[in-house]
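Numbering (the numbering used here), first residue to last: 735 to 829. The beta carbon of each residue, even a glycine, is placed where N, CA and C say it ideally should be. Encoded as structure tokens, the structure appears first; notes follow it.
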Amino acid sequence: MTGNAARKLKQSFAEAQDEAQRKRAALQLLRHSLDLGHRKLSLKRLEDAIRCGAALEEADLHRCAELALRVSDTRIHARLARLSRQLAGARDPSS
């Protein structure tokens, strides 16, 4: 995907007219960053996707975790742990 296509994805996310469009754009941005191996940006995109309530797949979280854990920054690891707990809580309402 070209830089121009990535800009269009970001624009779609920013200009989404409804919740469904925003969720779809958030997932597209996340998966684009994951496909390119963006370690920190993938984590930010995961945060955005969770914040807007996008339907994430387990593979999205696992791929993001693999990338984030390659970064030698405990703050990144802490963000990943927080997001993992947040997702686990959203998927299991009894917790």
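Short Cβ contact (9 Å threshold) for residue i with residue j
i, j, result
"A783", "L761", "yes"
"L763", "K744", "yes"
"R779", "H766", "yes"
"A802", "I810", "yes"
"S746", "A759", "yes"
"A824", "L814", "no"
Residue i in three-state terms, based on DSSP
i, result
"C798", "helix"
"D769", "helix"
"S806", "coil"
"L814", "helix"
"G823", "helix"
"Q751", "coil"
"A788", "coil"
Assumed close pair residue i, residue j - CB separation to whole angstroms, cut-off 8 Å
i, j, result
"A791", "L817", "The sequence given here places Glu at residue 791; Ala does not occur at that position. Not a contact, Cβ separation roughly 15 Å."
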